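Below is one structure, written out as structure tokens; comments come after it.
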Amino acid sequence: MHVTSPVRPPLVTGGKTYADVTEDVCRHVEGKPTKEWKIAFIAALVVLIYGTACLFWTWWEGLGVWGLNKTVGWAWDITNFVWWVGIGHAGTLISAILLLFRQKWRTSINRAAEAMTIFAVICAASFILMHMGRPWLAYWALPLPNTFGSLWVNFNSPLVWDVFAISTYFSVSLVFWYIGLIPDLATIRDRAQNKVSRFIYGTFAMGWNGSAKTWSRYEYISLILAGLSTPLVLSVHTIVSMDFATSVIPGWHTTIFPPYFVAGAIFSGFAMVQNLMLITRVVYRLEDYITIEHIESMNKIITLTGSIVGIAYLTEFFIAWYSGVEYESYAFINRATGPYWWAYWAMMTCNVISPQLFWSRSLRRSVTWTFFISVIVNIGMWFERFVIIVTSLHRDYLPSSWAMFSPTFYDIGDYIFSFGLFGTLFLLFSKYLPVVNMAEVKAIIRSSSERLPKNISGVAKGARVANPSFNKDAE
Amino acid sequence: MASVHAIPSIEERFEFTSGAKRNLLIGGAIGLALIIIGAFLLANGSGHETAHAAENAANAGADHGATAAQHEAGAAGGHGGSSWMTRIWANIWLNAVYFTGISVIGMFFMSYNYLAQAGWSVVFKRIPEALPSFLPVTGVIMLITFFLGGHDLFHWTHEDLYDASNEGYDAIIDGKSGFLNTPFFLIRLVLYFVGWYFLWTVLRKASLEEDRIGGLTNYDKSVKFGTAFLVFFAVTSSTSAWDFVMSIETHWFSTMFGWYTLASWHVTGLAVITLMVVTLRERGYLKAVNHSHLQDLGKFVFAFSIFWTYVWFAQFLLIYYANLPEEIIHYKERFSGYGGIYRAPFFINLILNFFFPFLVLMTRDSKRTHSILKLACWSIIVGHYFDFYVNIMPGTVGANAGFGPVEFGFILVFACAFIWFVSAQLAKANLIPKNHPMLEESLHHDIA
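In order, the protein sequence lines correspond to chains A and B.
Quick note, our numbering runs 420 ahead of the 1-based positions in the first sequence.
Quick note, our numbering runs 150 ahead of the 1-based positions in the second sequence.
Okay, here's the thing in structure tokens:
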């Protein structure tokens, strides 16, 4: 017997039955694409096509089209990469760590968050390929015994560790997401009204029959994958931070980087989840599943991780002074007061100050404020990487080498490419797959509903689309 | 299943028996005797050891970080004949820092459980709740030790470092004097203990009042003050780690150090909580704690032992990799300095705090078994003593360190005093918080 304390706020409102959950979530998968979706999709596609053209030119002409110079040899390319990888942390944190902590509020947001994670990692990977200039040789990053002589990857390089860390993370996240989808795909298969969708969803459902044995395996594999993913959530951004921290560049070499990058990644990931979920819940009318409680819980995590990041900023600043190392002290003073002061203070304001607004209960329960601050947070997290990367590089050891970085048309265009890619993928996901994990939400209906309908069970009957059965029992 | 879900009585009182008190007094007396014997032996054999110190300090300074190493060694050796006194002060400081950590983690655990609306941990909540009662003791001890032995422990307290006309002037340490100066250090030291202890008394009072009158006011109040503690501790956990430990090697710095110490304190505190829960169960208390609680406690210990290792490794790898003289000296001293006497504790630290608990707590069943949980917890409790030993001893006693009657004696005295205070605190209230709003959840906690 499980008990849920009455002091816990409900996670499902509107007195939903099991059948209602199926109806409410399947509605948009089974229906025709709406006009709004079509407009959004075309917009995303246009952005993607524009970005692809820019990217094509970057590869055709060479990386010289970027604004890099001999001093600042790494700027938007790596900033965008780290930014996207960071965003890709929330999904696995929600599905893995919150599963281990048995947080019931994860059930209605994990699906979309994991999808977001996978797409964000794809966007990040695209910047790795862009870096290479010759993407058709990308396999050179793998430690393959090669036919070109005794040439191996440099195992001492954190960039090679990145290849392993990110590809592992991507694979496990994908498997986790897919396994979680299987019961829902089977539901859609069983409800399908034409052969094509029955075949496609049926194939991906892999013969799921909902027996006790399949559920038992589902629970086991979820826990095993959660156990595997938890260290991966930490390892990915740890290794990304080592791309910088293993060097001897002032402002890059600092031991706090690994956990501080992880906290920052979760921070930006949750902000992105907020942005996507706030739109999705309105468009798909899922307010009864993604409630203000969910939004508030995510805002609390944003405040927590934002504060951890703030403590890390202050620690770095303090130790730069405390160390008495001239270079280190200069790097930090230059960040705050040098030519890139605006980037530094944008980062400080967006990342450290703005999440503190969520100490106010009414602000963290306000949809408008949540959306606004989430956007601010992701702007801030982009600036954080820009500040770390560019301000540390632009003042070289030799003053004659000092330089500034200005992005070109193609720096911007390639960044826009990633937005097009992300938007296109997410819109495809949100149309053709259930954005909420029906099976797992059903598992918490009994314990966490605001009010239970008279008869909680019952099956959606008959011509479902023409005559939806949801909410019948509630009345 | 009936047996699993049969809820035993929640009326339970811990009895701090006169037999237990007697044993603790005897333990403390043995500890004291060991300290006296050890100190006597050290005082008479110190001439021999000082010679070693000079020789080994030279070894340690064999590379780029020579000045730093000699400075630190100077702090220990500078006072010549009193090196055995330094060892006494270092031992007191080490134990005080270590037990401060365990105590304050009790408060940390309570606070984040309130903030996260955790339900499962309520049934044994009185155990972490009792730990911070020891804070005033370690606070006073640290204050006194700083006054009496501060010069022996903290190189930066020496006046001649700050006088530019002096031969011993140290520009780097002088640069830190805005932070590392006696008045500010004392203000911080007092602030930490007053802040931590005060916030704990608020939570403790609310918790006891909840037992009497029920309702939600005290719960809501605890969430607020627990959060306030977390904010305060977010800053003070780092600054106290810099003050108590990092400033000993005054030249050395690492941005990770605050979180490193927090991770170390945290897993030790979790191991102590788990060990206490298991021990109380074996003595017939805490009948309402079931195997699911034990497994979850085991998971916490397991996870945070890995987390400590992660932080340890990240700090080590980055310093090793960059190989900057002002940073690498820290590991150089521990690995090959002072005739290599710190190499053994350096590795014991990793074995006891990571490899052993990692392998032992891996399976589900081991986290549900008393004997294995006790083994893993003891490994971590002993292991983190070595963690602080490795961090504190090289900068204070340097080559004069050892592991003899003095070390055992101080551990015994501190442990007995700690157990005394915590037991007395436990006996003051019902062992299970009767009216906690999440109690039902915790009593029926079942993760199968």
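From the three backbone atoms N, C-alpha and C, an ideal C-beta is built for every residue, glycine too.
As the structure is a computational prediction, the values presented were derived from the model and not from experiment.
Outcome for residue i when other beta-carbon atoms lying within 10 angstroms are tallied against a minimum of 16
i	result
Glu481 of chain A	exposed
Asn875 of chain A	exposed
Val340 of chain B	exposed
His448 of chain A	buried
Pro565 of chain A	exposed
Thr367 of chain B	exposed
Ser794 of chain A	buried
Ala494 of chain B	exposed
Phe476 of chain A	exposed
Arg866 of chain A	exposed
Asn512 of chain B	Per the sequence shown, the amino acid found at residue 512 of chain B is Met instead of Asn. When all chains shown are included, Met512 of chain B counts as exposed.
Glu860 of chain A	buried
His416 of chain B	buried
Glu600 of chain B	Given a span of 151 to 598 for chain B in the structure shown, any question on residue 600 of chain B remains unanswerable.
Leu571 of chain A	exposed
Pro282 of chain B	buried
Ile469 of chain A	exposed
Val682 of chain A	buried
His534 of chain B	buried
Asp515 of chain B	exposed
Arg276 of chain B	buried
Tyr438 of chain A	buried
Top-ranked residue by Cα proximity to residue i, from the options
i	options	result
Phe568 of chain B	B:Ile252, B:Phe259, B:Glu161, B:Ala189	B:Ile252
Phe348 of chain B	B:Pro286, B:Ile582, B:Ile363	B:Pro286
Val272 of chain B	B:Ala280, B:Ile469, B:Met260	B:Met260
Arg554 of chain A	A:Trp486, A:Trp479, A:Tyr742	A:Trp479
Ile501 of chain B	B:Thr513, B:Trp462, B:Ser387	B:Trp462
Ala413 of chain B	B:Ser397, B:Tyr460, B:Tyr435	B:Tyr460
Leu557 of chain A	A:Leu520, A:Val573, A:Thr650	A:Val573
Val702 of chain A	A:Tyr589, A:Val787, A:Gly647, A:Arg755	A:Val787
Leu444 of chain B	B:Ser387, B:Ile491, B:Cys527, B:Leu474	B:Cys527
Trp741 of chain A	B:Ser404, B:Ile479, B:Gly448	B:Ser404
Phe335 of chain B	B:Tyr369, B:Thr307, B:Gly345	B:Thr307
Met768 of chain A	A:Trp504, A:Phe803, A:Asp444	A:Phe803
Tyr410 of chain B	B:Ile423, B:His401, B:Met396, B:Thr400	B:Met396
Val373 of chain B	B:Asn316, B:Asn263, B:Ile294	B:Asn263
Gln694 of chain A	A:Ile462, A:Asn719, A:Asn754	A:Asn719
Val381 of chain B	A:Ile728, A:Gly622, A:Leu648	A:Ile728
Ala585 of chain A	A:Phe547, A:Ala535, A:Pro651	A:Pro651
His814 of chain A	A:His509, A:Met692, A:Ala625, A:Thr491	A:Thr491
Supposed contact pair residue j and residue i - C-beta distance, whole angstroms, cut 8 angstroms
i	j	result
Glu162 of chain B	Asn580 of chain B	6 angstroms
Gly256 of chain B	Gly419 of chain B	6 angstroms
Ser780 of chain A	Gly800 of chain A	Not really, about 19 angstroms apart at Cβ, beyond 8 angstroms.
Gly730 of chain A	Ile507 of chain A	Not really, about 19 angstroms apart at Cβ, beyond 8 angstroms.
Ile522 of chain B	Ser455 of chain B	Contact doesn't hold; Cβ gap of about 14 angstroms is too wide.
Pro873 of chain A	Gly435 of chain A	5 angstroms
Val540 of chain B	Arg484 of chain B	6 angstroms
Pro827 of chain A	Trp496 of chain A	6 angstroms
Lys524 of chain B	Leu425 of chain B	6 angstroms
Gly376 of chain B	Ser592 of chain B	Incorrect: roughly 17 angstroms between the Cβ atoms, too far for contact.
Gly559 of chain B	Gly289 of chain B	At roughly 22 angstroms, the Cβ-Cβ gap does not stay under 8 angstroms, so Gly559 of chain B and Gly289 of chain B are not in contact.
Ala646 of chain A	Leu519 of chain A	5 angstroms
Point to revise | Whole runs of the alpha helix (DSSP H) within the region 427–453 of chain A, excluding any shorter than 4 residues | key: Within the region 427–453 of chain A, the complete alpha helix (DSSP H) runs of at least 4 residues fall at 438–450.
Review point. If you measure beta-carbon to beta-carbon, which residues of the region 732–744 of chain A are closer than 9 angstroms to chain B?
Key: Result list: Ala732, Leu734, Thr735, Glu736, Phe738, Ile739, Ala740, Trp741, Tyr742, Ser743, Gly744.
Review point. Can you list the alpha helix (DSSP H) stretches of 4 or more residues lying completely in the region 486–520 of chain A, in chain order?
Key: If only complete runs of 4 or more residues are kept, the region 486–520 of chain A shows the alpha helix (DSSP H) at 496–507, in order along the chain.
Check your understanding: Using a beta-carbon distance cut-off of less than 7 angstroms, what residues from the region 393–423 of chain B approach chain A?
Key -> Here the close residues are Phe403, Ser404, Thr405, Met406, Gly408, Trp409.
Check your understanding: Which full runs of the alpha helix (DSSP H) of 4+ residues lie inside the region 417–473 of chain B, going along the chain?
Key -> Within the region 417–473 of chain B, complete alpha helix (DSSP H) segments of at least 4 residues are found at 441–472, given in chain order.
**Study point:** Contact list for the region 357–373 of chain B against chain A, Cβ threshold 8 angstroms
**Key:** Residues Leu366, Tyr369.
Review point. Mind listing which residues of the region 467–493 of chain B have their C-beta closer than 9 angstroms to chain A's C-betas, in chain order?
Key: Within the region 467–493 of chain B, the qualifying residues are Leu467, Leu468, Ile469, Tyr471, Ala472, Asn473, Leu474, Glu476, Glu477.
Review point. At a Cβ cut of 7 angstroms, what residues of the region 314–345 of chain B count as close to chain A, listed as they run along the chain?
Key: For the region 314–345 of chain B, which is checked against every Cβ of chain A, the residues closer than 7 angstroms are Ile322, Gly325, Lys326, Phe329.
Exercise for review: Select from the region 527–546 of chain B all residues with a C-beta closer than 7 angstroms to any C-beta belonging to chain A, and list them in chain order.
Suggested key: Against chain A - using a Cβ distance shorter than 7 angstroms - the region 527–546 of chain B contributes no residues.
Review point. Taking any Cβ of chain B, which residues in the region 657–691 of chain A have a Cβ under 9 angstroms from it, in chain order?
Key: Of all residues in the region 657–691 of chain A, Thr658, Ser661, Met662, Ala665, Thr666, Ser667, Val668, His673, Thr674, Thr675, Ile676, Phe677, Pro678, Pro679, Tyr680 have a Cβ within less than 9 angstroms of some Cβ in chain B.
Exercise for review: May I have a chain-ordered list of the alpha helix (DSSP H) segments no shorter than 4 residues that lie completely inside the region 519–590 of chain B?
Suggested key: Listed in chain order, the complete alpha helix (DSSP H) runs (minimum 4 residues) inside the region 519–590 of chain B are 520–546, 555–576.
Practice item. Could you name each continuous alpha helix (DSSP H) segment of 4 residues or more that falls completely within the region 624–671 of chain A, going from the start of the chain to the end? Key: 632–665, all fully within the region 624–671 of chain A.
Point to revise | Under 7 angstroms (Cβ pairs) to chain A, residues found in the region 450–467 of chain B | key: Residues Tyr460, Val461, Ala464, Gln465.
Review point. When Cβ atoms are compared, which residues of the region 298–315 of chain B fall closer than 9 angstroms to chain A?
Key: For the region 298–315 of chain B, which is checked against every Cβ of chain A, not one residue is closer than 9 angstroms.
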